[in-house]
Each structure stands twice: as C-alpha cells, then as structure tokens.
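Q: To start, I am sharing the structure in question, which I have written as structure tokens.
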C-alpha cells in the first residue's frame with residue numbers, strides 16, 4: 002500500500018511531512034519538495050517503529066534430511082572445492098546445494114545423496130539456484146537471456162562457465178545428471 006494514492010494521502014495528512022498536503026496538491030513548488038524516496042523511507046521507518054516484538058515465535062518445518070546430506074557431502078572435511086567455481090573453501094562457506102529444487106523433489110529424491118552438490122555460499126549456490134547458470138553434459142553454461150544482469154554479474158557468470166568440478170568429495174556428475182537435466186529444463190529461457 003506504499004504506492005496507493007489514497008494511502009499516501011492518509012499518511013501525508015497524518016504525518017504532516019509536507020504540511021499535511023495531499024498528493025494531488027503537490028504541484029509547482031510543493032511538487033519539487035515531494036520525493037517518493039523520502040516518502041518511502043519515512044513510511045518504512047514508521048512501519049518499523051510500530052513493531053513491538055522483533056522476535057516473534059513461529060512454527061517452522063525442518064528439513065530433517067539436510068544435516069545428514071550435509072554430513073555425507075562434506076564427510077568430516079575442513080575444506081572442499083565448490084563444484085561450480087572449483088575454488089577451495091572452508092566447509093562453513095559451502096552448502097549441500099540442491100541440484101533439483103528441494104520443493105520439487107519427491108521424498109525419495111530428498112533422501113538421495115546425488116540430489117545435492119558442494120557449492121560455495123560466496124555466489125555459486127545463488128547463481129545456480131536462480132538459474133543464471135545451468136549444467137548440460139558436464140558443462141556449466143550461462144543462462145542469462147531474459148534476466149536482469151549487469152556487466153559485473155555477466156563477468157562473474159562467465160568465470161563459472163566450463164566443466165563441472167568433480168574433485169569435490171563424493172560428488173559425481175554422472176550420478177546427478179538427471180537432477181541437472183531437470184534443473185536445466187525448468188530454467189530454460
């Protein structure tokens with residue numbers, strides 16, 4: 002509702018930020034004073050100020066298999082290579098990343114150790130999960146058509162293009178191929 006004209010009017014009058022003027026009164030000199038950025042920041046600040054309890058208890062589902070898959074992938078290692086960028090990282094900066102999105106997996110697939118791969122939290126996990134990169138025939142490919150990117154992001158993506166790195170523990174592309182194929186099909190541009 003931040004961008005609803007009636008809600009903006011209510012808030013402008015109540016806050017007296019612009020002397021209680023309504024949005025349609027913000028013409029000429031008054032319009033020059035109005036800033037949607039200033040308005041949005043003030044509105045969000047006001048919303049934060051209204052929150053009484055920042056730590057609200059909730060009931061959440063837990064991924065029961067995740068810690069087991071993580072232990073299988075990292076098998077008491079202190080560091081390991083990311084299968085996407087090939088760089089070695091401490092285990093704390095790696096994740097057992099789902100090759101096929103977990104929410105789309107069957108219960109049997111969720112238990113399959115081949116549905117995960119060691120990927121760095123430095124960027125590769127995100128790039129893969131969001132479909133900026135895909136894997137086909139053991140090759141990491143860019144998948145940026147119809148995606149918002151910058152030159153810096155394109156450069157980072159291009160650094161990852163090439164062969165999947167199989168030297169990371171028990172990971173095997175051939176055993177995980179069907180999951181990579183599924184990910185590629187749903188992320189096709």
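Residue numbers (the working numbering): 2 to 190.
C-beta: ideal position from N, C-alpha, C; glycine also.
Everything numeric in this text was worked out from a predicted model, so none of it was measured.
1) In chain order, what residues of the same chain have a beta carbon less than 8 Å from the beta carbon of residue 16, not counting five sequence neighbours either side?
2) Have a look at 58, 120, 97 and 73 and flag the residue whose alpha-carbon is nearest the alpha-carbon of residue 83.
3) If we require 3 or more residues per run, which beta strand (DSSP E) segments fall completely within the segment 130-186?
4) Measure the beta-carbon distance from residue 101 to residue 174 and round it to whole angstroms, keeping in mind my assumption that it falls under 8 Å.
5) Mapping the DSSP letters down to three states, classify residue 2 as helix, strand or coil.
6) If you draw a straight line from the C-alpha of residue 184 to the C-alpha of residue 129, how long is it?
7) Which residue marks the beginning of the alpha helix (DSSP H) containing residue 70, and which one marks its end?
8) What does the Cβ neighbour count give for residue 158, buried or exposed, with the cut at 16 atoms within 10 Å?
9) Have a look at the DSSP bridge pairing and note the partners of residue 110.
10) Classify residue 121 as helix, strand or coil using the three-state DSSP reduction.
11) In this structure, how does DSSP classify residue 94 when only helix, strand and coil are distinguished?
A: Well, looking at it:
1) Taking the chain shown and counting its residues from 1, one reaches residue 16 at position 15. Within the same chain, residue 16 has close Cβ partners 43 and 47.
2) Counting from 1 along the chain shown, the entry for residue 83 is found at position 82. Among 58, 120, 97 and 73, the Cα nearest to that of residue 83 belongs to 120.
3) Within the segment 130-186, the complete beta strand (DSSP E) runs of at least 3 residues fall at 134-137 and 140-143.
4) Indexing the chain shown from 1 puts residue 101 at position 100. Indexing the chain shown from 1 puts residue 174 at position 173. Rounded, the Cβ-Cβ distance is 14 Å, inconsistent with contact.
5) For the purposes of this step, residue 2 is identified with residue 1 of the chain shown, where counting begins at 1. Because residue 2 sits at a pLDDT of 45, beneath the cut-off of 50, its placement in the model cannot be relied upon, and the point is left open.
6) Taking the chain shown and counting its residues from 1, one reaches residue 184 at position 183. Taking the chain shown and counting its residues from 1, one reaches residue 129 at position 128. Approximately 9 Å between the Cα atoms of the pair.
7) In the chain shown, the residue the question calls residue 70 occupies position 69. Residues 67-75.
8) Looking up residue 158 in the chain shown gives position 157. Residue 158 is buried by the Cβ-count criterion.
9) For the purposes of this step, residue 110 is taken as the residue at position 109 of the chain shown. Note: residue 110 sits in no beta bridge, so no partner.
10) The residue you call residue 121 lines up with position 120 of the chain shown. In the structure shown, residue 121 sits in a strand (DSSP, three-state: E or B).
11) Locating residue 94 in the chain shown gives position 93, where the first residue counts as 1. DSSP places residue 94 in helix when its eight states are reduced to three.
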